[in-house]
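Going letter by letter, the sequence shown gives residues 1 to 347 in the numbering used here.
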Amino acid sequence: MDLATLTSQLRALGEEALPKIAAAPDLAALAELDVAYLGRKGGALSGLMRGIGQLPADDRPRVGVAVNEVREAVEGALASARQRTAQAALAARLAAEAVDVTTPGRPIARGSLHPISETISRIAEIFGQFGFVTYEGPEVESDATNFQMLNIPPDHPARDLWDTMYVDIDGGLLRTHTSPGQIRVMHAERPPIRALLPGRCFRYEAVDASHASEFFQVEGLMVDEGTNLADLRGLLDEFAHAMFGAGRATRFRPGYYPFTEPSVAFDVGCLVCGGMGCPACGRTGWMTILGAGMVHPVVLQHGGIDPERYQGFAFGMGVERIAMLRHGIGDVRIFLDNDLRLLEQFR
Ligand code: DAH
Numbered sequence: 001m002d003l004a005t006l007t008s009q010l011r012a013l014g015e016e017a018l019p020k021i022a023a024a025p026d027l028a029a030l031a032e033l034d035v036a037y038l039g040r041k042g043g044a045l046s047g048l049m050r051g052i053g054q055l056p057a058d059d060r061p062r063v064g065v066a067v068n069e070v071r072e073a074v075e076g077a078l079a080s081a082r083q084r085t086a087q088a089a090l091a092a093r094l095a096a097e098a099v100d101v102t103t104p105g106r107p108i109a110r111g112s113l114h115p116i117s118e119t120i121s122r123i124a125e126i127f128g129q130f131g132f133v134t135y136e137g138p139e140v141e142s143d144a145t146n147f148q149m150l151n152i153p154p155d156h157p158a159r160d161l162w163d164t165m166y167v168d169i170d171g172g173l174l175r176t177h178t179s180p181g182q183i184r185v186m187h188a189e190r191p192p193i194r195a196l197l198p199g200r201c202f203r204y205e206a207v208d209a210s211h212a213s214e215f216f217q218v219e220g221l222m223v224d225e226g227t228n229l230a231d232l233r234g235l236l237d238e239f240a241h242a243m244f245g246a247g248r249a250t251r252f253r254p255g256y257y258p259f260t261e262p263s264v265a266f267d268v269g270c271l272v273c274g275g276m277g278c279p280a281c282g283r284t285g286w287m288t289i290l291g292a293g294m295v296h297p298v299v300l301q302h303g304g305i306d307p308e309r310y311q312g313f314a315f316g317m318g319v320e321r322i323a324m325l326r327h328g329i330g331d332v333r334i335f336l337d338n339d340l341r342l343l344e345q346f347r
């Protein structure tokens, strides 16, 4: 081995390696070339360097310089090729994973509140402005809370209006109105009380366009010193005007409920004919939206409240009735049908 041969072999190595490196498609191919040319054992450059030992001592440094040049050239080529392939890989990945932000999104199907829930919210919002707090009572009540404590003893004729389904456990029954909530609130709170009790009720009922055996009510109860019928009247007027419009006519009519004395029915001017009289209002020009009255002293006593000191008024309204008037719906049965053709109109 002489200097000239070794030098030309070094040059040949460089000339062979650089184009191959330039053409390598990926990092794996570059790693192979790295091992093949620069590997400590078995690499082509190491192989040539073994020849240096056979040269005369004077020539060795010159070969050393040439070896370093070739090594640096190969290393440099590998480094820039690695950078090139990494960039190409990144560019390919970006292209493959590109998101077209201008593509219109798929619309998400949006639900809506059921008209009954929406009406209850509106009722609670209006009475909330007068300080009424919403409570909830159970759908399964007892004969005591649904009837007896509301001044309806077992043989009372009013029970005929309020027959229901009975539950095997503890003489329970499906509540026929939200009024038992009054007893629960009176047991839980001290006066002054301003309570609202929305909820589902049940009755044995011949079902038709205006009667359902499952329906909703919102009960109201106010108990304080000096509460009177004029307060009730003023509050219900405000409610009717907020719910049905400021110009809506209202009236109190005598009524009868065992748990109030005196009892009233509260009417608003017919929303269909405006008071002229039409089939919707039975040609009276009025529509009844709730029953109400001054809480009977016996009921206050059952609620643990001294009727000598406190008075109260209460009211109970049918939610379906109010929803029907607000939205011009002609049949109660539609509310529990879950027919999307109705529900989708409340988006
Ligand atoms: N609970 C009665 C019903 O179901 C409605 C009612 C009338 C509630 C008068 C009251 C009230 O609180 O004072 O028909």
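Note that CB positions come from ideal geometry on N, CA and C, so glycine has one too.
Just so we're clear, the structure is a prediction, and the values are computed from it rather than from any experiment.
* Asked: Once you ignore the five residues that flank glycine 318 on each side, which residues in its own chain have a CB closer than 8 Å to its CB?
  -> The count along the sequence shown starts at 1 and reaches residue 318 at position 318. Cβ within range, chain order: Phe215, Phe216, Gln217, Ile289, Leu290.
* Residue interval of the beta strand (DSSP E) (run including serine 117) -> Your numbering for residue 117 matches position 117 in the sequence shown. Element bounds for serine 117: not the beta strand (DSSP E) but the alpha helix (DSSP H), 115 to 128.
* **Neighbourhood of proline 258 by C-beta, 8 Å cutoff - its chain only, sequence neighbours within 5 removed** => For the purposes of this step, residue 258 is taken as residue 258 along the sequence shown, with counting starting at 1. Cβ neighbours of proline 258 beyond the five flanking positions: Leu150, Asn151, Ile152, His156, Ala158, His296.
* With glutamine 345 as the anchor, note down where its beta strand (DSSP E) starts and where it stops. => For the purposes of this step, residue 345 is identified with residue 345 of the sequence shown, where counting begins at 1. From DSSP, glutamine 345 is part of no beta strand (DSSP E); its letter is neither H nor E.
* Asked: Expressed to the nearest angstrom, what Euclidean distance is found between the alpha-carbon atoms of threonine 284 and histidine 114?
  -> Here residue 284 refers to the residue found at position 284 when the sequence shown is read from its first residue. Here residue 114 refers to the residue found at position 114 when the sequence shown is read from its first residue. Taking the straight line joining both Cα atoms gives about 31 Å.
* Rounded separation between alanine 22 and arginine 82 - CA only -> Here the question's residue 22 lines up with position 22 in the sequence shown. Here the question's residue 82 lines up with position 82 in the sequence shown. So the two alpha carbons sit approximately 10 Å from each other.
* **Helix, strand or coil at phenylalanine 147 [DSSP, three-state]** => Mapped onto the sequence shown, residue 147 falls at position 147. Three-state result, phenylalanine 147: coil.
* To do: Verify the contact flag: tyrosine 234, CB atom, against every heavy atom of the ligand DAH, threshold strictly below 7 Å.
  => Walking along the sequence shown from the start, residue 234 turns up at place 234. The residue you asked about is not tyrosine; residue 234 is glycine in the sequence shown. Every heavy atom of the ligand DAH is 7 Å or more from the Cβ of glycine 234, so no.
* Asked: By the 10 Å Cβ neighbour count, where 16 or more other Cβ atoms means buried, how is aspartate 26 classified, buried or exposed?
  -> Along the sequence shown, read from residue 1 onward, the residue named residue 26 stands at position 26. With fewer than 16 other Cβ atoms within 10 Å, it is exposed.
* N- and C-terminal bounds of the beta strand (DSSP E) containing tyrosine 311 -> Numbered from 1 along the sequence shown, position 311 holds the residue referred to as residue 311. The displayed chain sequence assigns glutamine, not tyrosine, to residue 311. Its beta strand (DSSP E) spans residues 311 to 318.
* Asked: If you follow the alpha helix (DSSP H) that glycine 76 is part of, which residue opens it and which one closes it?
  -> As a position in the sequence shown, residue 76 is number 76, starting the count at 1. First-last of the alpha helix (DSSP H) with glycine 76: 60 to 96.
* Consider the C-beta atom of histidine 302 and the heavy atoms of the ligand DAH; say whether any pair is separated by less than 7 Å. => Here residue 302 refers to the residue found at position 302 of the sequence shown. Incorrect: histidine 302 has no Cβ contact closer than 7 Å to the ligand DAH.
* Boundaries of the beta strand (DSSP E) in which glycine 199 is found, first to last residue -> What you label residue 199 is simply residue 199 of the sequence shown in a count that begins at 1. 193 to 202 is the span of the beta strand (DSSP E), which, as asked, contains glycine 199.
* With a cut-off of 8 Å, do at least 3 Cβ pairs link the stretch 82 to 102 to the stretch 40 to 47? -> no
* To do: Indicate, with yes or no, if the ligand DAH has a heavy atom lying under 7 Å from the CB of phenylalanine 315.
  => Position 315 of the sequence shown, counted from the start, is the residue given in the question as residue 315. Correct: phenylalanine 315 has its Cβ closer than 7 Å to the ligand DAH.
* Which class does histidine 241 belong to by DSSP, given the choice of helix, strand or coil? -> Within the sequence shown, the letter at position 241 stands for residue 241. Note: histidine 241 maps to helix in three-state DSSP.
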